[in-house]
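Novice: Each residue of the sequence shown is one higher than the last, beginning at 1 in full-length UniProt numbering. Beta carbons are placed, not taken as given, at the ideal position from N, Cα and C, and that holds for glycine. The structure is given below, and queries will be raised subsequently.
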Amino acid sequence: MSNCEIIGEIIAVRSEEGQIKISPSFGLSRSMLVKGLKCMNETILQIHLILSMVSLFFFSCSYLLCLQAGAKLKDARGEAAKEIESLKSKREEEFKEFEQQHSGNTDSQQKVLEEETKQKIELIKSEFNQNKAKVVSDLLSKVTDVHPELHRNYKLGIHQLSK
1 MSNCEIIGEI
11 IAVRSEEGQI
21 KISPSFGLSR
31 SMLVKGLKCM
41 NETILQIHLI
51 LSMVSLFFFS
61 CSYLLCLQAG
71 AKLKDARGEA
81 AKEIESLKSK
91 REEEFKEFEQ
101 QHSGNTDSQQ
111 KVLEEETKQK
121 IELIKSEFNQ
131 NKAKVVSDLL
141 SKVTDVHPEL
151 HRNYKLGIHQ
161 LSK
């Protein structure tokens, strides 16, 4: 806090940091200077009081804002967790629905393939029964019909001719 004194024609303002000297000007009387200094001291005190109140106000506001920000942050985290959980459950339901739709298609496709396979097997069996006798007779005729002849790549050698 500052202290003001009149020393001769000099107004001395003493502060915690040091001393600042201001000389009176324009022929002001000592009484006017004293009144001015008293007024200045009161004003300085009021300014210090106002500054301390303002700093306290800003400190309390910042503290409250920090508390509110912390509370808002906690609320935001809670809301975000709830939203994430709801989205997760929604996606799981969509996946289950998709899975059920496509697994049903797989079962129906499998049934269609089994029916086609059974039809093809029946066709092959009926053709086998129709052509079985003919194939067996053709095989027997080929096996029993023997025509011995030399292979076309076989060459008779000279030593074989002399015998």
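Give the straight-line distance between the Cα atoms of alanine 80 and serine 86, rounded to the nearest whole angstrom.
Specialist: In the sequence shown, counting from the first residue as 1, residue 80 sits at position 80. In the sequence shown, counting from the first residue as 1, residue 86 sits at position 86. Their Cα atoms are separated by approximately 10 angstroms.
Novice: State the Cα-Cα distance for the pair serine 137 and aspartate 145, rounded to the nearest angstrom.
Specialist: Taking the sequence shown and counting its residues from 1, one reaches residue 137 at position 137. Taking the sequence shown and counting its residues from 1, one reaches residue 145 at position 145. Serine 137 and aspartate 145: Cα-Cα distance of roughly 12 angstroms.
Novice: Go ahead and pull the three-state DSSP assignment for valine 143.
Specialist: Reading the sequence shown from its first residue, position 143 is the one you call residue 143. Valine 143 falls in the helix class under three-state DSSP.
Novice: Quick one: does isoleucine 121 have its CB under 8 angstroms from some CB of chain C?
Specialist: The structure shown contains no chain C; it is built from a single protein chain.
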